[in-house]
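J.: First the structure, then my questions, so here it is.
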Amino acid sequence: MSNRLRIAVTGLAVTYPFGGVFWDYVQYPLGLLRLGHDVLYIEDTGRWAYDPAAETFVEDGGGNAEEFQRQLLRLDPELAERWFYRDGAGRVYGRSWEETASFCRSADLFLHISASCWMRDEYFAAKRVAFVDSDPMFTQASVPDYLAGSISDEDRERVETLLRHDVFFTFAENVAGADSRVPRGLFDWSTTRQPVVLDCFDAVAVAPEKRRRVLTTVASWESTEGGRVVDGVEYGGKGPEFERFIDLPRTSALPLELALAGRPPVKRLRSHGWLTRDGYEVSREPWVYLDYLAGSLGEWSVAKNAYVASHSGWFSCRTACYLALGVPAVVQRTGFEHSIPTGEGLFTFETLDEAKAGIDAIASDPERHARAAREIAGEFFDSGKVLGRLLEEALA
Numbered sequence: 000m001s002n003r004l005r006i007a008v009t010g011l012a013v014t015y016p017f018g019g020v021f022w023d024y025v026q027y028p029l030g031l032l033r034l035g036h037d038v039l040y041i042e043d044t045g046r047w048a049y050d051p052a053a054e055t056f057v058e059d060g061g062g063n064a065e066e067f068q069r070q071l072l073r074l075d076p077e078l079a080e081r082w083f084y085r086d087g088a089g090r091v092y093g094r095s096w097e098e099t100a101s102f103c104r105s106a107d108l109f110l111h112i113s114a115s116c117w118m119r120d121e122y123f124a125a126k127r128v129a130f131v132d133s134d135p136m137f138t139q140a141s142v143p144d145y146l147a148g149s150i151s152d153e154d155r156e157r158v159e160t161l162l163r164h165d166v167f168f169t170f171a172e173n174v175a176g177a178d179s180r181v182p183r184g185l186f187d188w189s190t191t192r193q194p195v196v197l198d199c200f201d202a203v204a205v206a207p208e209k210r211r212r213v214l215t216t217v218a219s220w221e222s223t224e225g226g227r228v229v230d231g232v233e234y235g236g237k238g239p240e241f242e243r244f245i246d247l248p249r250t251s252a253l254p255l256e257l258a259l260a261g262r263p264p265v266k267r268l269r270s271h272g273w274l275t276r277d278g279y280e281v282s283r284e285p286w287v288y289l290d291y292l293a294g295s296l297g298e299w300s301v302a303k304n305a306y307v308a309s310h311s312g313w314f315s316c317r318t319a320c321y322l323a324l325g326v327p328a329v330v331q332r333t334g335f336e337h338s339i340p341t342g343e344g345l346f347t348f349e350t351l352d353e354a355k356a357g358i359d360a361i362a363s364d365p366e367r368h369a370r371a372a373r374e375i376a377g378e379f380f381d382s383g384k385v386l387g388r389l390l391e392e393a394l395a
């Protein structure tokens, strides 16, 4: 797309000041900026900000905003002039509210990522308003009750706010598949995936021979959204899936390390052979997070039960970062394998034996699988390709 567009993008990178969250959201405005567009990052959640030092949420987001500005300056000085944040007390940082509202009223596209924004009338004033669902099954969980007329008032308001958007994208790569259980009523979903600005990752990549011979992942032990019942079926977070593979370290060809937040059962995990790290220690800022991922021989991870049981096709933003660093991954099957190639650089599993086989493959030829991982990232997650396609569909 050759025309320069004015695009607003939402996120949660100030509210949750962790390395993984930063890369999840900031690669949208950075990737759009690299495509030559006029971009503004907006964080207006109506929520308090998380203070990692205090391990609680606080009304004053000034400290988080200051740190966010520092990280943007390191990433791209031009992007550091293109952001707006409103904290839980209504204080504004970065651009003024007047500038932000004016930008949105003249915007070609307002890109609402992950239901992260308090959608004010000024945001809906953009020519087109697109929603990007990064949490399939949880996002659509209220649709059957809405259609049946049995929905709660709170859920009804949420669905009807979503319906005000013009176009809808989802990380559920298999949403249209015959085996998908993701509700498809009300919304016409187009598929998309996490955009990755590859040169950011090339700068910190580590050669396979210099990596620790361990597979890692970074996750929160406690699911933030809890379980949801959809059409009589209960869907949950990572816990039920992780329990199925808790004995994996005892037969794995490589050590397995979990960097976890959310009060994980560390003693129990260690008794089953898992290595553990504090999640905040390895994700306290964006570059520390990338260094941790880059120093791993590979990733091993389960997915949320809702993604797996619904055959959604969801693919992890974190795993996309591993691949961009040339770090191969062994991850639980969700249906994405219909769209993204597996078997070299990226392995999927449903059973303990399949998980072990993927680990064995990486252990036997890490250089080959590192190359393949980076090739997958370039072909399927490059921000230019992902965002170019998203813009074409959003503005069609």
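Per numbering that gives the first Met the number 0, residue 0 is the first one in the sequence shown, and the count goes up by one each step. Cβ atoms here follow ideal geometry from the backbone N, Cα and C, with glycine treated the same way.
#1: Do you know how far the Cα of Leu-274 is from the Cα of Val-196?
#2: Which term fits Ala-147, buried or exposed, when burial requires 16 or more other beta carbons within 10 angstroms of its beta carbon?
#3: Exposed or buried, Arg-317, counting other C-beta atoms within 10 Å across all chains shown (16 or more means buried)?
#4: Take Arg-294 and list the residues in its own chain whose beta-carbon comes closer than 7 Å to its own, dropping the five residues that flank it on each side.
#5: Taking Ala-305 as the reference, give the member of Asp-134, Gly-342, Leu-253 and Ala-175 with the closest Cα.
#6: Under 8 Å between the Cβ atoms of Val-281 and Ala-258?
#7: Could you say which of Phe-56, Arg-332, Asn-2 and Ile-339 lies nearest to Glu-353 if we only look at CA atoms?
#8: With DSSP as the reference, label Met-0 as helix, strand or coil.
#9: Are the beta-carbon atoms belonging to Ile-150 and Thr-9 less than 8 Å from one another?
#10: Under 8 Å between the Cβ atoms of Arg-192 and Phe-379?
#11: Just to confirm my understanding: we take Leu-185, look at its own chain, exclude 5 residues before and 5 after, and list those with CB closer than 8 Å. What are they?
#12: Under 7 Å Cβ to Cβ from Met-0, same chain only, skipping five residues before and after it: list those, please.
#13: Output the boundary residues of the beta strand (DSSP E) element that contains Arg-212.
#14: From Ala-7 to Glu-233, what distance separates their C-alpha atoms?
#15: Have a look at Gly-16 and Glu-65 and give me their C-alpha separation to the nearest angstrom.
#16: Would you give the residue range spanned by the beta strand (DSSP E) that Leu-74 belongs to?
#17: Going by CA-CA distance only, name the one from Leu-72, Leu-78 and Phe-244 that's closest to Gly-35.
#18: Cβ atoms of Leu-11 and Val-25: under 8 Å apart, would you say?
#19: Do Asp-165 and Arg-119 come within 8 Å of each other at the CB atom, strictly closer than that value?
#20: Can you say whether Gly-89 is buried or exposed, counting buried as having 16 or more other CB atoms within 10 angstroms of its CB?
#21: Should Gly-272 and Pro-248 be called a contact, given that it needs their Cβ atoms to be closer than 8 Å?
#22: Buried or exposed: which applies to Ala-177, given that a residue is buried once 16 or more other Cβ atoms fall within 10 Å of its Cβ?
#23: Could you spell out the range, first to last residue, of the beta strand (DSSP E) harbouring Leu-259?
#24: If you measure between the beta carbons of Val-203 and Leu-74, is that distance less than 8 Å?
#25: Sort Cys-103, Ser-309, Ala-129 and Pro-285 by Cα distance to Tyr-122 and report the nearest one.
#26: Considering Cα atoms alone, identify which of Asp-23, Phe-56 and Val-13 is closest to Phe-314.
#27: Looking at the unbroken alpha helix (DSSP H) that takes in Arg-373, where does it start and where does it end?
#28: Where do the ends of the beta strand (DSSP E) carrying Phe-83 lie?
#29: Since Trp-117 and Thr-44 are thought to touch, with beta carbons under 8 Å apart, how far apart are those beta carbons, to the nearest angstrom?
#30: Quick one: measure Cβ to Cβ for Tyr-27 and Pro-194, integer angstroms, because I've assumed they're closer than 8 Å.
#31: From the DSSP output, read off the bridge partner residues of Gly-272.
#32: I'd like to check one pair, Gly-312 with Phe-335: are the Cβ atoms closer than 8 Å?
T.: Checking against the coordinates, here is how it stands:
#1: 31 Å
#2: exposed
#3: buried
#4: Just to set this straight, residue 294 is Gly in the shown sequence, not Arg. Closer than 7 Å at the Cβ level, and outside the excluded window around Gly-294, lie Val-205, Arg-210 and Arg-211.
#5: Asp-134
#6: yes
#7: Arg-332
#8: Annotation note: pLDDT 44 at Met-0 (below 50); position unreliable, coordinate value reported separately. Coil at Met-0, not helix or strand.
#9: no
#10: yes
#11: Val-142, Tyr-145, Leu-146, Val-158 and Leu-162
#12: Any answer about Met-0 is weak, because its pLDDT of 44 lies below 50 and its placement is not dependable; what the coordinates show is given next. Counting only Cβ-Cβ distances below 7 Å, and skipping sequence neighbours, we find Gly-387, Leu-390 and Glu-391.
#13: 211-219
#14: 36 Å
#15: First, the residue type needs correcting, since residue 16 is Pro and not Gly in the sequence shown. In a straight line, the C-alpha of Pro-16 is about 11 Å away from that of Glu-65.
#16: Where Leu-74 is concerned, there is no enclosing beta strand (DSSP E), although the alpha helix (DSSP H) it sits in stretches over 61-74.
#17: Leu-78
#18: no
#19: no
#20: exposed
#21: yes
#22: exposed
#23: 255-260
#24: no
#25: Cys-103
#26: Asp-23
#27: 365-379
#28: 82-85
#29: 6 Å
#30: 6 Å
#31: Answer is none; Gly-272 lacks a bridge partner.
#32: yes
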